[in-house]
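Just so we're aligned, residue 16 is where the sequence shown starts under the working numbering, counting upward by one. Note that CB positions come from ideal geometry on N, CA and C, so glycine has one too. Source: prediction; values computed, not measured.
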Amino acid sequence: MTPPLNQAHPYDNSVAFLTDKDVLANATNIISPSLPAAVCYGRVDDPESYVPKAWWKGVFGDYLYLQTDGDVVEDPEITLKEIRLLETHEPIRSILQSAPPSGSTEKTRILDLCCGQGRHVLQLAELYPHLEINGHDQSQYLIELARSRAAAANVSNRASFTIGDCCAIPHDDNSFSLVMVMGNSFGYFATDNANVNLLKEIRRILKPGGIAVMDIPDGAYLRKNFSARGWEWIDDTMVVCRERELSKDKKRLISREVVMLTGKGVIRDQFYAECLYDLAEVHQLVRDSGLVPEQKEGVIGENTIGRDMSKRGEDLGMMENRHLVLVSKPLL
16 MTPPLNQAHP
26 YDNSVAFLTD
36 KDVLANATNI
46 ISPSLPAAVC
56 YGRVDDPESY
66 VPKAWWKGVF
76 GDYLYLQTDG
86 DVVEDPEITL
96 KEIRLLETHE
106 PIRSILQSAP
116 PSGSTEKTRI
126 LDLCCGQGRH
136 VLQLAELYPH
146 LEINGHDQSQ
156 YLIELARSRA
166 AAANVSNRAS
176 FTIGDCCAIP
186 HDDNSFSLVM
196 VMGNSFGYFA
206 TDNANVNLLK
216 EIRRILKPGG
226 IAVMDIPDGA
236 YLRKNFSARG
246 WEWIDDTMVV
256 CRERELSKDK
266 KRLISREVVM
276 LTGKGVIRDQ
286 FYAECLYDLA
296 EVHQLVRDSG
306 LVPEQKEGVI
316 GENTIGRDMS
326 KRGEDLGMME
336 NRHLVLVSKP
346 LL
């Protein structure tokens, strides 16, 4: 008989919303979160040419990301709902509920790749204390925040974090039963080959028969329904203006965010781009990497929790419509 799912509330808000001061108090060698000199590029005719090759190093480098996207990525209720959505998939639920054989001290290991500030890691650590949960991300700022929150939540003994390139994960081959890529964190690289290389790295660290789940943008939907221009009040003093257009090859969505504070003007003008894959394209990338799609074409999970639960209910961009894609590593 399958045991019932663990019942828990979202991890405590006092943990979820630790400040930059809390991070710096526990961090070593972290870059100060102070803003760089304000830059605004004015009217731009070719936004694609302004996208840095490794744009994610800037976009996720400090606290602004957690403010501009906070209605989705900093809401504990949304995080818990997303975990509950994962639990509806039997292969994932079986891994989460798995217990070591009698007499064994080996724990089932899970990796949240591109984990950001560790929101899913912390929630899983509360729900499933028998598991070993790992998070990995390239952002030192977000990982230091995750470590601070894990310490405050008293889960550092079962939730650990590493910093570095997500195509060079510092774990051994065949280490994890489950790898999660949540929150729209796949498709950052400009080419299919580069995105396949990330999948190959996931394949390397998965155990034979292990599962990976990717929470990715619905490329077919966004290609037709993206908002070319929009603006959003983050709070009473911060507003973000966004511009979007398809890349010249129509394969990526180019986005620009101009962040302004009342009384200060523009504090950030940043550009980024993400691939727009439809389901057939995603499955082909998966097969090219040596992984196997778990779902048939057209039968796939959907994640609209961010859109449905966002308390601001404004411009959600790439987070509006996402798919949950399950893949597996073949048995040896």
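Where Gly245 is concerned, the enclosing beta strand (DSSP E) starts and stops at Arg244 to Trp248. Contact check for Glu260 and Asp330: beta-carbon distance about 15 Å, past the 8 Å limit, so the pair fails to qualify. Annotation: the region 223-293 contains the following complete segments of the beta strand (DSSP E) (minimum length 3 residues), in chain order: 244-248, 253-261, 267-276 and 280-290. Leaving aside the five residues that flank Arg337 on each side, the residues in its chain whose CB is nearer than 8 Å to its CB run, in chain order, Asn199, Asp230, Ile231, Pro232, Asp233, Glu317, Asn318, Thr319 and Gly321. For the 8 Å CB-CB criterion, Phe286 and Val66 form a contact. For Leu193, the beta-bridge partners assigned by DSSP are Ile125 and Ile226. A distance below 6 Å between beta-carbons, with the five flanking residues on each side excluded, links Val301 to the following residues of its chain, in chain order: Pro308 and Val342.
Relative to Asp187, the option among Ser154, Leu126, Trp70 and Leu101 whose CA is nearest is Leu126.
Ranked by Cα distance from Trp71, the options Ser304, Asp90 and Phe204 are led by Phe204. The straight-line gap separating the alpha-carbon atoms of Gln310 and Ala161 is approximately 32 Å. Bounds of any alpha helix (DSSP H) do not take in Glu147; it lies within the beta strand (DSSP E) bounded by Glu147 to Asp152. Under the DSSP assignment, Arg337 falls in the beta strand (DSSP E) whose first and last residues are Arg337 to Ser343. Here Thr123 is buried, its C-beta having at least 16 other C-beta atoms within 10 Å. The C-alpha of Glu121 is placed about 36 Å away from the C-alpha of Tyr78. Less than 8 Å divides the Cβ of Gly202 from the Cβ of Cys290.
Following the DSSP letters along the chain, one finds Ala161 inside the alpha helix (DSSP H) bounded by residues Gln155 to Ala167. Scanning its chain for C-beta atoms nearer than 8 Å, with the 5 sequence neighbours on each side dropped, one finds around Lys326 the residues Asp86 and Asp90, in chain order. A distance of 8 Å or more separates the beta carbons of Asp284 and Tyr80. The residues Thr252, in chain order, have a CB closer than 7 Å to that of Thr277 in the same chain once the five nearest residues on each side in sequence are set aside.
In the three-state reduction of the DSSP assignment, Glu317 falls in the strand class.
Annotation for Ser171: Ala165 place their beta carbon closer than 6 Å to its own, counting only its chain and skipping 5 residues before and after.
For Arg271, the CB contacts under 6 Å within the same chain, skipping 5 residues up- and downstream, are Pro62, Glu258 and Phe286 in chain order. Under the three-state reduction of DSSP output, Thr103 falls in the coil class, being neither helix nor strand. Cα atoms of Ser64 and Glu105: separation of roughly 44 Å, rounded to the nearest angstrom.
Under the three-state reduction of DSSP, Val297 is assigned to helix. Counting C-beta pairs closer than 8 Å gives three or more between the region 173-180 and the region 136-156, which meets the contact rule. Only residues of its own chain outside the window of five on either side were considered, and among them Val211, Leu214, Lys215 and Arg218 have a CB closer than 6 Å to the CB of Ser304, listed in chain order.
When only Cα atoms are considered, Cys181 and His151 end up about 7 Å apart. Thr94 and Lys265 have their C-alpha atoms some 32 Å from each other.
Sequence-distant partners of Leu157 (beyond 5 residues in either direction) whose C-beta falls short of 7 Å from its own C-beta, in its chain, are Phe75, Gly131 and Gln132.
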